[in-house]
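Engineer:
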Amino acid sequence: MQILGIDIGGTGIKGAIVDTSTGELLTEKFRLKTPKPAKPEEVAKTVRQIADHFNWKGKAGAGFPTPLAHGKCMSGGNLDPDWKGVHVDQLFSKVTGLDFTVINDADAAAEAEMHFGAGKDKSGLVAVITLGTGIGSGLFFNGHLIPNTELGHVSYKDEAFEKYAADSIRKKEDLSYSKWGRRLNKYFKHIELILSPDLFIIGGGASSKIHKFKDEITINTPIIPAENQNEAGIIGAAMGAYDGIR
Ligand code: BGC
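Printed below as a string of structure tokens:
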């Protein structure tokens, strides 16, 4: 099925038409900057501009970078506090006039990765961890998503772990890859202890840099990079609208 997939991030909002049966993009990606501040009405207008760019009238799905339950934003996260309590799916449907499904951005990217990337045919408990502005997670058991996990928010020294180990923190604090890798090692050890997963898949911008910090990671669970890092968020957002993942 052809669906418009939109990946909403802290710096950019990008979309493309996706064939959800193959995971292929049927168009070039179209990207606009995330409005600053990223208030609900402004972000919704940007989403409409993307739908208009494709002159789209069919189904649409978005990946959204905050804790989310059934399309409702539970906390503004790294976007804007005004999002808390907003039914993001209803807002986007109203502003675009399209049938919109909204799922968590990490669930979206992870779903695409499990179907069409590094997680294909992987069974057991698989934790896809996205390293970017925040730390996101998509958790799967035998290929089925357990939606809305927020594994970047387990605590470390009274703060969310993502405030210590996200890729944005590496940039902000100008950490070397080995220093960042040691922070990530603490993170993965903790998640390994809690979940005993069979496999970790690293998604997000940092997945292509895994070779730079892998020597610092001493966990027993296999850990591999995602394959679809640039497009997984768009593909998974479209799949969410098709499958109704929440
Ligand atoms: C949010 C998650 C999101 C992740 C990646 C975290 O701060 O809480 O919902 O998936 O960032 O964008």
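Take the sequence shown: its position 163, counted from the start at 1, is 166 in the working numbering, and no numbers get skipped.
Yeah, the Cβ is synthetic: ideal placement off N, Cα and C, and Gly gets one too.
Keep in mind the model is a prediction, meaning the values are calculated, not measured.
Taking one C-beta from the segment 119-126 and one from the segment 28-39 each time, how about it: are there three or more such pairs within less than 8 Å?
Structural biologist: Fewer than three beta-carbon pairs drawn from the segment 119-126 and the segment 28-39 are found closer than 8 Å, and the two stretches are therefore not classed as touching.
Engineer: Give me the Cα-Cα distance between Ser179 and Glu219, rounded to the nearest whole angstrom.
Structural biologist: Cα to Cα, the separation comes out at about 12 Å.
Engineer: Count the other CB atoms, across all protein chains shown, that sit within 10 Å of the CB of Met4; report buried if there are 16 or more and exposed otherwise.
Structural biologist: exposed
Engineer: What residue range is occupied by the uninterrupted beta strand (DSSP E) comprising Gly184?
Structural biologist: Run containing Gly184: none in the beta strand (DSSP E); it sits in the alpha helix (DSSP H), Tyr180 to Leu198.
Engineer: Considering only heavy atoms of ligand 1, does any lie closer than 7 Å to the CB of Glu165?
Structural biologist: yes
Engineer: According to DSSP, is Pro70 helix, strand or coil?
Structural biologist: coil
Engineer: Which word fits Lys17, buried or exposed, when buried means at least 16 other C-beta atoms lie within 10 angstroms of its C-beta?
Structural biologist: buried
Engineer: Any heavy atom of ligand 1 closer than 7 Å to the Cβ of Glu31?
Structural biologist: no
Engineer: So, under 8 Å CB-CB, Lys42 and Asp85 are touching, yes? Tell me the CB distance rounded to an integer number of Å.
Structural biologist: 5 Å
Engineer: Using the Cβ count rule (16 or more neighbours within 10 Å means buried), how would you classify Asp110?
Structural biologist: buried
Engineer: To which residues does DSSP link Ser140 through a beta bridge?
Structural biologist: Ile132, per the DSSP bridge assignment.
Engineer: My understanding is that Gly64 touches Ile11, with C-beta atoms under 8 Å, so please give their C-beta distance in whole angstroms.
Structural biologist: Going by Cβ atoms, the distance from Gly64 to Ile11 rounds to 11 Å, so no, they are not a contact pair.
Engineer: Within the present structure, is the beta-carbon of Ile220 separated from the nearest heavy atom of ligand 1 by less than 7 Å?
Structural biologist: no
Engineer: Taking only the alpha-carbon atoms, compute the straight-line gap between Glu153 and Gly100 and give it to the nearest angstrom.
Structural biologist: 30 Å
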